[in-house]
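Here's the structure we're looking at; comments come further down.
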Amino acid sequence: MRPYTARILTADSAKAEASQPSRVRVLVADDEAPIRLLCQVNLAVAGIDVLQAEDGEKALDLARSEAPDLVLLDLMMPRLDGWTVAEALARDERTSGIPIVFLTARATAADRRRAEELGALGYVLKPFDPVRLAPLVAEVVGRCERGEADELQKERPADLWPAELADA
Amino acid sequence: MRSSTALGWAAAILAPALVSLADLFSNRPSTQLAGFLLLLAVALAAYLGGFAAGLVATLLATFSLDFFFTPPRHELVPTNSDQTAGVALFFAVAILISQLFERRRDVQYQAQAATARANRLQAVTARLAEALTPQQVLDAIVTEGIEAAEARAGAIGLLSPDGETVVIVAARGYERQVFVGWENFPVAGDTPMAAAIRETRPFFFSTSAERDEAFPSIAGLGGASHALAILPLIVEGRAIGGIAFTFPTEVDFDLERRALKTTLAQQAAQALDRVRLYETERALRQRMTFLADASELLGSSLDYESTLAQLARLAVPNMATWCSVDMLGPDGSIQRLAVAHEDPERVAWAERLSVEYPPDPDAPMGVPNVIRTMTAEFVPEISDEVLVEAAQGDQRLLKIVRELGLRSAITVPLVARGRALGALSLIRDETAPHYTELDLDLASELARRAASAVDNAGLYREAERRGDASRALAHVDDGVVLLDEEGAVVSINPAAARILGVDDSKVVGEGAREALPGWALIEENARPEPGQTRGPVMLPLLVDEAERWVSVSEVEFGDGIVYALRDVTEERLLERARSDFVATASHELRTPLAAVLGAVKTLRRKDVTFEPEQREALMEMIDREAERLSGIVGQLLLAGQLDAGRLPVDLDQFDPVEVTRSVVDSAELHLPTGVELRVLAQEELPPVAGDANQLRQVLANLLDNAIKYSPQGGDIELRLDRNGGFARIEVTDRGLGIPRDEHERIFEKFYRLDPALTRGVNGTGLGLYISKELVERMNGRISVRSEPGRGSTFVVEVPLAD
Chain S
780 MRPYTARILT ADSAKAEASQ PSRVRVLVAD DEAPIRLLCQ VNLAVAGIDV LQAEDGEKAL
840 DLARSEAPDL VLLDLMMPRL DGWTVAEALA RDERTSGIPI VFLTARATAA DRRRAEELGA
900 LGYVLKPFDP VRLAPLVAEV VGRCERGEAD ELQKERPADL WPAELADA
Chain P
135 MRSSTALGWA AAILAPALVS LADLFSNRPS TQLAGFLLLL AVALAAYLGG FAAGLVATLL
195 ATFSLDFFFT PPRHELVPTN SDQTAGVALF FAVAILISQL FERRRDVQYQ AQAATARANR
255 LQAVTARLAE ALTPQQVLDA IVTEGIEAAE ARAGAIGLLS PDGETVVIVA ARGYERQVFV
315 GWENFPVAGD TPMAAAIRET RPFFFSTSAE RDEAFPSIAG LGGASHALAI LPLIVEGRAI
375 GGIAFTFPTE VDFDLERRAL KTTLAQQAAQ ALDRVRLYET ERALRQRMTF LADASELLGS
435 SLDYESTLAQ LARLAVPNMA TWCSVDMLGP DGSIQRLAVA HEDPERVAWA ERLSVEYPPD
495 PDAPMGVPNV IRTMTAEFVP EISDEVLVEA AQGDQRLLKI VRELGLRSAI TVPLVARGRA
555 LGALSLIRDE TAPHYTELDL DLASELARRA ASAVDNAGLY REAERRGDAS RALAHVDDGV
615 VLLDEEGAVV SINPAAARIL GVDDSKVVGE GAREALPGWA LIEENARPEP GQTRGPVMLP
675 LLVDEAERWV SVSEVEFGDG IVYALRDVTE ERLLERARSD FVATASHELR TPLAAVLGAV
735 KTLRRKDVTF EPEQREALME MIDREAERLS GIVGQLLLAG QLDAGRLPVD LDQFDPVEVT
795 RSVVDSAELH LPTGVELRVL AQEELPPVAG DANQLRQVLA NLLDNAIKYS PQGGDIELRL
855 DRNGGFARIE VTDRGLGIPR DEHERIFEKF YRLDPALTRG VNGTGLGLYI SKELVERMNG
915 RISVRSEPGR GSTFVVEVPL AD
């Protein structure tokens, strides 16, 4: 493995790099700056571009304008929560094809179930291993590109879905 | 043959003699004139003395005519055949006259006798008309009637109510021993009166021999009786008894005599029937009056013990010689409640006796039996065998009851709603008539009313008790709903009405499913399987368009179902808040943990070399998020300690301004951009009494909240001044604000204004709870003024040291 210098991509810099269609771009929507930073650092290492949004509204705007390959979506965010964002994404035909993986500290069975119903392809529970994030993103984006989004959703692999959670 | 009177005899002798005296005063008396006068004399004698006197007068007059007035005078032998024929003619005429007068006299006599009989009959009728009691009727018949019938003796027998026996109820003129053994005899028997009653026809026997021939079984009975007339007493074609007349001589019962007896018998029968009706009517009226009085008495009071005692007293002496009331105790024992007799001494004696001879619940007869079988006992005629049986071998008791002279008894059960409550006993002694079926009916009716009164009194007491219970239920917070077997609301307490949002006065009597909201759901879920019990179930009800959680348990009892309801909306909200807290706390812990853990894992990557500032950023992240984690854990611990009351309060004196400034100083170290803190402190604020560290914690919490809830930034102001005996610290932000109806609840444990965090505010929901608890431990207070969109001001007041 070669050493890698992480770059922090902002929305502006992401636009600048839009000319390179081969690069995978992930939108990280989370109000917690440390979480965004961790995603940024660890995805960048894998050559994945990261778009950041610190609230739901921004996340929706960016998803619409930038059409990322995947959204890592926190649930509890100011202005619009993750559920609302996911629903809005699914309703909008420009964004309805973007795979969603929730990245959340909400560890209840009801939340997990709701995520399934919303058509999410993963539900990663905090705390999580940020090192494992890049392979996960690669897997999801890859399968979706191959048109296997439905199968992936049905499979619910263990690295994308937590074991059964208890109701609160 | 009637005897002539003395006057008749005198006329018979003197009248012819007087005419003969004419011979002394006249030398040539007229034979014709003398004959005429002598005929007048004969007529006078016959008129006054009857045929015998007339005959004597005729003989004397014939002698006088021949001797004094027919020539040759003073000789008995007439001179010629003409004279002889004249005397003979005279004699014949005189005899004829005598006979004529005799006939006339006879007719007159018969007319007189008829009048006398009519008078006697009238006298009987009059006496009978006056008679008001059976005894008076009987007296009238056996005195006036016997006389009217010209009989020596007479007797009246009446048919018993069962129609089997003839009872001699009155007799007069007989020797006592005649009726010994014949006080009553069967209707079917071979006796004249039985036959007369049976066949409803009269029997007339002119001689004893005639009677003995017809009824050989009683031949020789009745001693010196001769003629006998026995007639049925008939009312409406039915024989109610018979009447017998015994005559001292042989009697030729001609039509007239028979008619008289028949009339007498008819009159007697009618009179007896009339008084019987009258008696019945009077007795009925008496009973009705008694029943009315008794009913009034029973309705007058709820104290049934005294009421029943009064009832017993009301029954004597008209209804009974003795009246007693016995009640069945809850333990199955029989208690004498009251005994009544006209004589108080007898009452006392009876009470002593009942103590001495307490009722045996298993006794085969009497009160215990009546109570046990709930069937009346009716002994119209108390025979000695009954007494012997009742005494059950106790000779002393037998002696006592024999001396009481008990004649007739009725014991009726007091039964209400199929339950025996006791018994009412009526006893008559020899001074009163036997009880009849009518009396039994009356006693039964009386018992029914008395039992119902006792039962009502019991029900009333029960209702009062229930009233007490419902008054008690009115004060409990749990709802209680009572339904009958048909599912109608029997009672509902105010708490239940409040929980269900109904007017308790309007739903009673209504079907629960119709009248009570969500009741169908309650019945479906709260009802246990048959034969099983189940604990309360929690159900959401829609009451006044708001969800209300109710815990319901159902218990069936004899007459219906009782539901206990508890409004658990608050508890459920708390429970929800607690579960929200768990989710929130989990979230709150997971977020900084994710940062710390993520940063560490990232830093330990072997495949990446980070630039120094990136490493530094990750290290700082670890530092800050670990601190945050520690702070959250600290808050959780503190809340736990406050809950358990284990947090020590270190009361001391300190300067509030200094504490406030230190909190502000440390907050300013990591203040978000756009937020400014200002402290406005009054100079010379006296020291406060409290725990400085805890106040610091409170202010830090408030300041932290103010910053968190000001996402757009803005000034945050801390103002310190004095308010009476308190130092007042106000923390004011220009942030999101708090709706008015949340002002109370934000201080509750686990409560979060925004559980879904859509307003971007994290927190455990414990900060304000902890702050309130800490302030109150310092004998201070905390409150909030706020409006949504206009920011909030939290006010903390801590008592001054002096």
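Line by line, the protein sequences are chains S and P.
Under the numbering used here, the first sequence has 799 at position 20, and the numbering climbs by one with no breaks.
Under the numbering used here, the second sequence has 456 at position 322, and the numbering climbs by one with no breaks.
Every residue, glycine too, gets a C-beta built ideally from N, C-alpha and C.
Here the structure is a predicted model, which is why all the values come from computation and not from measurement.
Excluding its 5 nearest sequence neighbours in each direction, E278 of chain P has C-beta neighbours in its own chain below 6 Å: A257, V258 and R261, listed in chain order.
Per DSSP, the continuous alpha helix (DSSP H) segment holding R419 of chain P begins and ends at L389 to S434.
The C-beta of D938 of chain S comes no closer than 8 Å to any C-beta of chain P. Chain-order list of chain S residues neighbouring R739 of chain P: V910, by C-beta distance under 7 Å. In this model, G556 of chain P and G463 of chain P are separated by some 9 Å (Cα to Cα).
For S764 of chain P, the closest C-alpha among the options P:F197, P:L617, P:L389 and P:R724 is that of P:R724.
If only uninterrupted alpha helix (DSSP H) runs of at least 4 residues are considered, those enclosed by the region 790 to 817 of chain P are 790 to 802.
In this structure, DSSP gives Q846 of chain P a state outside helix and strand, which the three-state scheme calls coil. I275 of chain P: not part of any alpha helix (DSSP H); DSSP gives it neither H nor E. From the beta-carbon of A751 of chain P, the residues of chain S found nearer than 8 Å are L816. Measuring C-alpha to C-alpha distances from V549 of chain P to each of P:L580, P:R856, P:T414 and P:V734 identifies P:L580 as the nearest. Rounded to the nearest angstrom, the gap between the Cα atoms of V385 of chain P and P336 of chain P is 15 Å. Note on geometry: alpha-carbon atoms of L655 of chain P and L944 of chain S lie some 31 Å from one another. About 19 Å separates the beta carbons of L487 of chain P and L442 of chain P, which is beyond the 8 Å limit, so they are not a contact pair. Within the region 866 to 897 of chain S, contact with chain P at the beta-carbon level (separation under 7 Å) is assigned to A884, R885, A886 and T887.
For the 8 Å CB-CB criterion, S559 of chain P and T570 of chain P do not form a contact. When the beta-carbon positions are compared, T192 of chain P and S232 of chain P come within less than 8 Å of each other. For P320 of chain P, the beta-bridge partners assigned by DSSP are P:T299. The residue among P:V615, P:T718 and P:A248 with its C-alpha nearest the C-alpha of V641 of chain P is P:V615. Per DSSP, reduced to three states, the secondary structure at T455 of chain P is coil, with no helix or strand assignment.
At a cut-off of 8 Å between beta-carbon atoms, K837 of chain S makes no contact with chain P. Residue-level contact by beta carbon fails for P941 of chain S and chain P, as no gap is shorter than 8 Å. Ranked by Cα distance from C457 of chain P, the first of P:R632, P:A577 and P:L607 is P:A577. Residue-level contact check: P914 of chain S does not touch chain P, since none of the beta carbons of chain P fall below 8 Å from its beta carbon.
With contacts defined by Cβ atoms closer than 8 Å, S687 of chain P and A660 of chain P form a contacting pair. The beta carbon of V829 of chain S sits no closer than 8 Å to any beta carbon of chain P.
Within chain P, not a single residue places a beta-carbon under 7 Å from that of V803 of chain S; the smallest gap is close to 18 Å.
Apart from the 5 residues on each side of it in sequence, L829 of chain P sits with its Cβ closer than 6 Å to the Cβ of V793 in its chain, given in chain order.
Taking the C-beta atoms as reference points, K395 of chain P is found nearer than 8 Å to F379 of chain P. Of the candidates P:D388, P:H208, P:Q400 and P:G732, P:H208 places its Cα closest to the Cα of R162 of chain P. Around T325 of chain P, the same chain offers F319, F349 and I352 as residues with beta carbons nearer than 7 Å, after the five sequence neighbours per side are excluded.
Cα atoms of A823 of chain S and V829 of chain S: separation of roughly 7 Å, rounded to the nearest angstrom.
Assignment of P547 of chain P by DSSP, reduced to helix, strand and coil, places it in the strand class. The CB of H804 of chain P never comes closer than 7 Å to any CB in chain S; the least such distance is about 13 Å. Within the region 820 to 875 of chain S, the runs of beta strand (DSSP E) at least 3 residues long that lie entirely inside it are, in chain order, 828 to 832 and 849 to 852. Among the residues facing chain S, M912 of chain P is not included, as its CB has no counterpart in that chain under 8 Å away.
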